[in-house]
Each structure stands twice: as structure tokens, then as C-alpha cells.
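K.L.:
Structure provided below as C-alpha cells; questions to follow.
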Amino acid sequence: AQSVTQLDSQVPVFEEAPVELRCNYSSSVSVYLFWYVQYPNQGLQLLLKYLSGSTLVESINGFEAEFNKSQTSFHLRKPSVHISDTAEYFCAVLGAGNMLTFGGGTRLMVKP
Amino acid sequence: NAGVTQTPKFRILKIGQSMTLQCTQDMNHNYMYWYRQDPGMGLKLIYYSVGAGITDKGEVPNGYNVSRSTTEDFPLRLELAAPSQTSVYFCASSYWTGATDTEAFFGQGTRLTVV
């Protein structure tokens with residue numbers, strides 16, 4: 001069985017500051033990990049994913065996440081956030097039947 | 113491509129009423145899913161399908177039913193609405209290319225209130 005824990009339900013941060021959103025997982029099968037972003041009143045959009053290969057994966061808008069097998073973590077980072085990054089972020093792990101198991105979400109609030 | 117389309121976007125039901133949430137995808141994906149999203153709880157899987165004619169229960173299936181007669185459509189049925197079913201419902205579809213690539217695509221959601 002898979003599970004995902006997002007350690008922070010809310011993260012307030014000032015614009016242009018760095019941010020880290022934490023995610024820990026457990027999985028009894030091969031590990032495929034995802035970060036999804038949800039803007040207000042919208043569906044979820046894929047931000048980045050780890051399937052294999054390099055443990056550091058990047059998105060097109062400056063986010064990155066590192067797969068750490070020994071710590072069972074997949075934390076999301078950005079060196080300098082923008083107001084437009086305000087959203088809810090979900091970490092997820094893939095299981096049997098190609099099903100995603102999601103964490104509880106982290107609300108990133110970027111303040112001017 | 114429209115991607116994953118859900119209707120309606122909003123609905124208010126009275127206790128005991130029934131309704132069907134529609135979901136269709138135009139990406140020819142085999143896998144389809146229904147999730148519900150409650151504040152602070154992330155997304156919980158209700159039902160899923162690995163192909164036309166095949167469905168199975170997820171984590172929270174009670175009070176719901178699904179069918180998958182075509183690759184494109186995956187409707188979710190609520191037979192006797194209860195206040196506990198007040199939630200935002202998301203339909204998703206995904207592909208799988210043998211461990212080399214996979215991604216799930218989500219609809220815009222249906223906000224359901226049961227009063």
C-alpha cells in the first residue's frame with residue numbers, strides 16, 4: 001500500500017524568498033512520484049514527476065524536486081517565489097492500476 | 113483536444129435525490145478515475161477503470177456507482193445523496209507506457225452541495 005504525508009498544511013512566504021514544500025511517502029512497489037498544482041477553482045495540473053533516472057527533476061517555471069530514497073522524501077523547492085505561485089500543491093505516489101495516492105496538500109501563500 | 117471535461121460545474125442536491133456526474137476524455141486514455149476533494153484531506157479515490165467494461169472500487173466507494181461502456185466516458189452516479197457527499201469531485205484520465213512515462217490529466221471539477 002502507498003501513502004503520502006505532506007508535513008505542512010500552509011506555508012506563508014514573502015515574494016522573492018525561497019520555499020520548500022515537504023513530502024514523505026511510503027510505497028511497497030516501484031516508486032513513481034509527482035507534484036501537482038491547483039490554482040483556485042481549477043483542476044490539478046502536473047508540475048513535475050520522477051519516474052526514473054536523475055533524482056533531481058525540474059519544472060518549466062523554476063520549481064525542482066529531489067527524490068531521496070533513503071529518506072523516502074520528494075521535497076519541492078523554488079529559490080525565489082512569485083505572487084503567481086500562490087496555489088495548493090499536492091504530492092502523489094503512483095500505485096497499482098496506475099492510481100495516484102495524494103497527500104493532504106500544502107497551501108502556498110506568497111505575500112508581497 | 114479538450115482533455116477531460118466534467119459536467120456540471122456546480123450542483124445543489126436535496127438529501128435523498130440522485131444525480132449523475134458526467135466525465136468524458138478525448139485523449140484515448142485507458143485509465144480513468146473519480147476523486148473527491150475535501151478541505152485538508154487531499155484527494156480520495158472513489159472508483160477507477162483500467163479500460164472499457166472494467167471498473168473497481170477505490171478508497172471511498174460507498175454511496176457511489178460507476179460504469180465504463182466506452183473508452184471516452186466514465187459517469188459517476190450518486191443514488192441517495194447525503195450531506196457527507198458534499199465535496200468537490202474530480203475526474204481524471206491517464207496513460208501508461210510501460211514504466212517509461214505516465215501522467216494523469218484532471219477535469220475542472222464539480223462542486224456538489226447536499227442540503
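First to last, the protein sequences are chains A and B.
Sequential numbering from 1 applies to the first sequence in our numbering.
Sequential numbering from 113 applies to the second sequence in our numbering.
Note that beta-carbon positions come from the ideal geometry of N, C-alpha and C, so glycine has one too.
Owing to the predicted nature of the structure, the values given are computational and were not obtained by experimental measurement.
Tell me which residues share the same chain as residue 92 of chain A and place their Cβ nearer than 8 Å to its Cβ, disregarding the 5 neighbours each side in the sequence.
P.N.:
Here the set comprises 4, 33, 34, 35, 36, 100, 101, 102, 103.
K.L.:
Counting only runs that start and end within the segment 18-75 of chain A, where is the beta strand (DSSP E) found for 3 or more residues in a row?
P.N.:
Counting only runs of 3 or more, we get 19-21, 23-26, 33-38, 44-50, 56-58, 64-68.
K.L.:
8 Å is my cut-off, CB to CB: does residue 103 of chain A come that close to chain B?
P.N.:
At least one chain B Cβ lies under 8 Å of residue 103 of chain A.
K.L.:
When you compare the CB of residue 172 of chain B with every CB in chain A, is at least one pair closer than 8 Å?
P.N.:
False, the Cβ-Cβ gap to chain A never drops below 8 Å.
K.L.:
Check whether chain B comes within 8 Å of residue 67 of chain A, counting only Cβ atoms and requiring the distance to be less than that.
P.N.:
Output row for residue 67 of chain A: interface = no.
K.L.:
What span of residues does the beta strand (DSSP E) with residue 251 of chain B cover, start to end?
P.N.:
This structure cannot settle anything about residue 251 of chain B, because the visible part of chain B is limited to 113 through 227.
K.L.:
With a 10 Å radius around its C-beta and 16 neighbouring C-beta atoms as the bar for buried, classify residue 53 of chain A as buried or exposed.
P.N.:
The residue is exposed, with fewer than 16 neighbouring Cβ atoms inside 10 Å.
K.L.:
Reducing DSSP to helix, strand and coil, say where residue 12 of chain A ends up.
P.N.:
Residue state, collapsed to three classes: strand.
K.L.:
Roughly how many whole angstroms lie between the Cα atoms of residue 26 of chain A and residue 72 of chain A?
P.N.:
Each residue's alpha carbon lies about 7 Å from the other.
K.L.:
Check distances from the C-beta atoms of the segment 43-58 of chain A to those of chain B and list, in chain order, the residues that come in under 9 Å.
P.N.:
Within the segment 43-58 of chain A, the residues whose Cβ lies closer than 9 Å to some Cβ of chain B are 43, 44, 45, 46, 49, 51, 52, listed in chain order.
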